[in-house]
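These notes concern the structure reproduced below.
In full-length UniProt numbering, the protein residues as written are 1 to 293.
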C-alpha cells in the first residue's frame, strides 16, 4: 500500500440530482476502497480519528450527506431515504468504487443497509453503528389506518420547521459547549474538533451548525417494515452491527431484526453511547480492522 495521509483529507464535489455534494478523500487511491458515512445532523469530519488510522491500508472516502456538512441543501427542504440512497449510489458509481467496504453510523447505516440490499454484489464488508432504524414489534404487514396520524404529524412538523431559524452562537466556544453537552462521552478535544468542522460563520460574525434544519424531519412515506426486512435478507457480505451499551438504541438481537440477516454478528461496546466511534475510538478501530481483514 501507499502511505497514509499526513495532512488530512482533500475536499471534492460530485453531483447528484443537481445538488453539489461534498466528500473528503484521505488518499491512498491504490488501496481497497472504504467509505465512511455519517449520521443525521453530523458531518464527514466526525470520522477523522477513524480515517486517520484506516487510511494507512484503505482508500478512505467520507461524504457529507445532502443537507449536511459542506453539501448543498435541497430547495424544497425534503430529505427522503430514497434520495439519500441515490446519492450514495451515485458516489460509488461515479468514482467506480465497487466492490467496496462501508462503515456507517446511524442514518448513514440505514442508508448503507438499503444500498447493500439493493446491490449486494457491490459491498464486500459492512459495519453499521446503530443504523437499523426502528422496527415495530408485531406483524410486518402494512397498517393503513396509521397513515392519517402519520401524515398529520409530518405536516405539523414541517410547519414548525419552516418557522425555525438556525440557532446562532456568538462564538465557536459557545457552540462547543452545546456540542459537549450533547454527548458527555466526548473528550474536550473531540468536541472542539467536531464543532470546528460542524459550524459555518454567518455574515454578522455569529456561528451556526452547517446542517439544514429540515433534515430533522423524517419523511412520512418510506419502505414498509417487511420491505426493509427483505432488503436486509438480500445482503450477502459479512455484516457487523455495532451498539453502545449506554445508548438509547435497542440491539437487534432483542427484537427479531437480527434474524433477517444471512451473515451478521452483533458487537455491544460497554461504556459507550450512540456514537461508538467517538466513545470507544481505539477499541472500535481495532474491531473494524479485524473485521475488514
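In this text, a Cβ means the ideal position worked out from N, Cα and C, and glycines have one as well.
These numbers come from a predicted model, not from an experiment.
Check residue i in the structure and name its three-state DSSP category.
{"i": "residue 209", "result": "strand"}
{"i": "residue 200", "result": "strand"}
{"i": "residue 119", "result": "coil"}
{"i": "residue 112", "result": "helix"}
{"i": "residue 107", "result": "helix"}
{"i": "residue 194", "result": "helix"}
{"i": "residue 358", "result": "Past the edges of the chain, shown from 1 to 293, lies residue 358, and the structure says nothing about it."}
{"i": "residue 59", "result": "strand"}
{"i": "residue 278", "result": "helix"}
{"i": "residue 292", "result": "helix"}
{"i": "residue 287", "result": "helix"}
{"i": "residue 144", "result": "helix"}
What are the boundary residues of the alpha helix (DSSP H) that residue i is part of?
{"i": "residue 159", "result": "147-162"}
{"i": "residue 172", "result": "172-182"}
{"i": "residue 124", "result": "Not the alpha helix (DSSP H): residue 124 falls in the beta strand (DSSP E), residues 123-129."}
{"i": "residue 93", "result": "81-94"}
{"i": "residue 50", "result": "48-54"}
Starting from the C-beta of residue i, find all residues in its chain whose C-beta is less than 6 Å away, skip the five residues before and the five after it, and write them out in chain order.
{"i": "residue 242", "result": "129, 267 and 276"}
{"i": "residue 192", "result": "176"}
{"i": "residue 330", "result": "This structure leaves residue 330 out entirely; the chain is present only between 1 and 293."}
{"i": "residue 233", "result": "260"}
{"i": "residue 45", "result": "197"}
{"i": "residue 150", "result": "220"}
{"i": "residue 269", "result": "244, 276 and 280"}
Just reading off the beta strand (DSSP E) that residue i is part of, what are its end residues?
{"i": "residue 20", "result": "19-25"}
{"i": "residue 65", "result": "Looking at the DSSP string, residue 65 is not in any beta strand (DSSP E), and its letter there is neither H nor E."}
{"i": "residue 34", "result": "33-37"}
{"i": "residue 43", "result": "Counting along the chain, residue 43 falls outside any beta strand (DSSP E), and DSSP gives it neither H nor E."}
{"i": "residue 14", "result": "10-16"}
Suppose the cutoff is 7 Å on Cβ atoms and the five residues either side in sequence are ignored; what does the same chain contact list for residue i look like?
{"i": "residue 170", "result": "206"}
{"i": "residue 60", "result": "26, 34, 36, 51 and 54"}
{"i": "residue 273", "result": "183, 185, 244, 246, 247 and 279"}
Within a Cβ cutoff of 8 Å, which residues of the same chain sit near residue i, ignoring the five residues on either side of it in sequence?
{"i": "residue 153", "result": "220"}
{"i": "residue 350", "result": "There is no way to answer for residue 350, as the model of the chain reaches only from 1 to 293."}
{"i": "residue 37", "result": "62, 63, 65, 88, 102, 103, 104, 105, 108, 109, 111 and 112"}
Cβ of residue i less than 8 Å from any chain B Cβ?
{"i": "residue 107", "result": "In the structure shown, chain B does not exist; there is a single protein chain."}
What ranges does the alpha helix (DSSP H) occupy inside the segment 222-273, keeping only unbroken runs of at least 4 residues that lie completely in it? If one requires a minimum length of 4 residues, the alpha helix (DSSP H) runs lying completely within the segment 222-273 are 225-234, in chain order.
Under 8 Å, with one C-beta from each stretch per pair, do the segment 85-105 and the segment 210-224 reach the 3-pair mark? By the C-beta criterion, the segment 85-105 is judged not to be in contact with the segment 210-224, since fewer than 3 inter-stretch pairs fall below 8 Å.
Are there three or more Cβ pairs, one per stretch, closer than 8 Å when the segment 142-162 is compared with the segment 35-52? For the pair of segments examined, the segment 142-162 was found not to touch the segment 35-52: the number of CB pairs separated by less than 8 Å stays below three.
Given 8 Å, three or more beta-carbon pairs between the segment 18-31 and the segment 72-80: The answer is yes - the segment 72-80 touches the segment 18-31, with three or more Cβ pairs under 8 Å.
Would the segment 120-128 count as touching the segment 180-197 if we require 3 or more Cβ pairs under 8 Å? Using a C-beta cut-off of 8 Å, the segment 120-128 makes no contact with the segment 180-197, since fewer than three inter-stretch Cβ pairs fall below that distance.
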